[in-house]
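Trainee:
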Amino acid sequence: MSRTLSLGHVVITTNADNVLNRVSVLQAIARHKFCDWGECCDEDKESNDAAVQNGDDRIHSVYRDSKGTKFWIITESDRSVTTVLLPEDY
263 MSRTLSLGHV VITTNADNVL NRVSVLQAIA RHKFCDWGEC CDEDKESNDA
313 AVQNGDDRIH SVYRDSKGTK FWIITESDRS VTTVLLPEDY
(Lines of atoms letter the chains of each structure in order from A; the text may use other names.)
(Lines give C-alpha, C1' and ligand atoms only; values in the text may rest on other atoms or scores of the structure.)
Protein backbone atom coordinates (compact mmCIF):
# COMPACT_ATOMS: atom_id res chain seq x y z
CA MET A 263 0.00 0.00 0.00
CA SER A 264 1.32 3.46 -0.90
CA ARG A 265 1.91 6.06 1.74
CA THR A 266 0.25 9.42 1.33
CA LEU A 267 0.77 12.68 3.12
CA SER A 268 -1.98 15.05 4.16
CA LEU A 269 -1.10 18.39 2.58
CA GLY A 270 -3.66 20.70 4.17
CA HIS A 271 -4.05 24.01 2.34
CA VAL A 272 -1.53 24.23 -0.56
CA VAL A 273 -0.03 27.66 -1.25
CA ILE A 274 2.78 29.03 -3.43
CA THR A 275 4.89 32.11 -2.83
CA THR A 276 4.46 34.93 -5.32
CA ASN A 277 8.08 34.61 -6.41
CA ALA A 278 7.75 30.86 -7.05
CA ASP A 279 4.46 31.37 -8.88
CA ASN A 280 6.11 33.93 -11.17
CA VAL A 281 9.18 31.78 -11.91
CA LEU A 282 8.22 28.11 -11.92
CA ASN A 283 6.58 26.03 -14.63
CA ARG A 284 3.09 25.28 -13.29
CA VAL A 285 2.88 21.76 -14.70
CA SER A 286 6.17 20.92 -12.98
CA VAL A 287 4.83 22.33 -9.70
CA LEU A 288 1.66 20.23 -9.92
CA GLN A 289 3.70 17.11 -10.67
CA ALA A 290 5.98 17.84 -7.71
CA ILE A 291 3.03 18.36 -5.37
CA ALA A 292 1.74 14.92 -6.38
CA ARG A 293 5.17 13.39 -5.78
CA HIS A 294 5.37 15.08 -2.37
CA LYS A 295 1.89 13.82 -1.45
CA PHE A 296 2.98 10.27 -2.27
CA CYS A 297 6.20 10.61 -0.23
CA ASP A 298 8.66 10.96 -3.13
CA TRP A 299 11.05 13.53 -1.65
CA GLY A 300 12.78 14.44 -4.90
CA GLU A 301 16.38 15.61 -4.61
CA CYS A 302 16.60 15.60 -0.79
CA CYS A 303 19.73 14.08 0.72
CA ASP A 304 19.38 10.63 2.29
CA GLU A 305 19.33 12.08 5.82
CA ASP A 306 16.42 14.40 4.95
CA LYS A 307 14.56 11.55 3.22
CA GLU A 308 14.88 9.45 6.38
CA SER A 309 13.72 12.38 8.50
CA ASN A 310 10.72 12.91 6.19
CA ASP A 311 9.83 9.21 6.32
CA ALA A 312 9.93 9.30 10.14
CA ALA A 313 7.78 12.46 10.16
CA VAL A 314 5.15 10.77 7.97
CA GLN A 315 5.11 7.74 10.25
CA ASN A 316 5.03 9.75 13.50
CA GLY A 317 2.96 12.68 12.21
CA ASP A 318 4.91 15.13 14.30
CA ASP A 319 7.43 16.99 12.20
CA ARG A 320 7.77 19.25 9.21
CA ILE A 321 8.39 17.66 5.81
CA HIS A 322 10.67 19.20 3.19
CA SER A 323 11.09 18.07 -0.45
CA VAL A 324 13.33 19.37 -3.21
CA TYR A 325 12.46 19.36 -6.91
CA ARG A 326 13.38 21.07 -10.20
CA ASP A 327 10.92 22.38 -12.74
CA SER A 328 11.16 21.76 -16.50
CA LYS A 329 13.59 24.70 -16.79
CA GLY A 330 15.88 23.27 -14.11
CA THR A 331 14.91 25.77 -11.41
CA LYS A 332 15.20 24.26 -7.95
CA PHE A 333 12.24 24.67 -5.61
CA TRP A 334 11.07 23.35 -2.28
CA ILE A 335 7.81 22.01 -0.94
CA ILE A 336 7.33 22.21 2.82
CA THR A 337 4.43 20.69 4.76
CA GLU A 338 4.03 22.03 8.29
CA SER A 339 4.20 19.64 11.22
CA ASP A 340 0.46 19.93 11.93
CA ARG A 341 -0.25 19.17 8.22
CA SER A 342 -2.39 22.31 7.94
CA VAL A 343 -0.39 24.00 5.17
CA THR A 344 1.96 22.97 2.37
CA THR A 345 4.02 25.72 0.74
CA VAL A 346 5.76 25.70 -2.64
CA LEU A 347 8.68 28.14 -2.63
CA LEU A 348 12.06 28.94 -4.07
CA PRO A 349 15.01 28.50 -1.68
CA GLU A 350 15.52 32.28 -1.62
CA ASP A 351 11.92 32.73 -0.44
CA TYR A 352 12.65 30.86 2.80
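Going by our numbering, the sequence shown opens with residue 263, and the numbers climb by one from there. Just so you know, even glycine gets a beta-carbon here, dropped at the ideal spot from N, CA and C.
#1: Where does L347 fall in DSSP's three states?
#2: T276 by DSSP, collapsed to three states: which one?
#3: Might you give, ordered along the chain, the residues of its own chain that have their beta carbon closer than 6 Å to the beta carbon of T345, omitting 5 neighbours on each side?
#4: Distance check for E308 and G300, CA to CA, integer angstroms please.
#5: Hey, quick one: how far does the beta strand (DSSP E) through I307 stretch, first residue to last?
Mentor: In this structure, then:
#1: Working through the sequence shown from its first residue, we reach residue 347 at position 85. In this structure, L347 counts as strand in the three-state DSSP scheme.
#2: Here residue 276 refers to the residue found at position 14 when the sequence shown is read from its first residue. Helix, per DSSP.
#3: Counting from one through the sequence shown, the residue named residue 345 turns up at place 83. So the list reads V273, I336, once near-sequence residues are dropped.
#4: Within the sequence shown, numbered from 1, the residue matching residue 300 stands at position 38. Within the sequence shown, numbered from 1, the residue matching residue 308 stands at position 46. Straight-line Cα distance between these residues: approximately 13 Å.
#5: Counting from one through the sequence shown, the residue named residue 307 turns up at place 45. The sequence as given places Lys at residue 307; Ile does not occur at that position. No beta strand (DSSP E) contains K307, which is instead part of the alpha helix (DSSP H) from 304–316.
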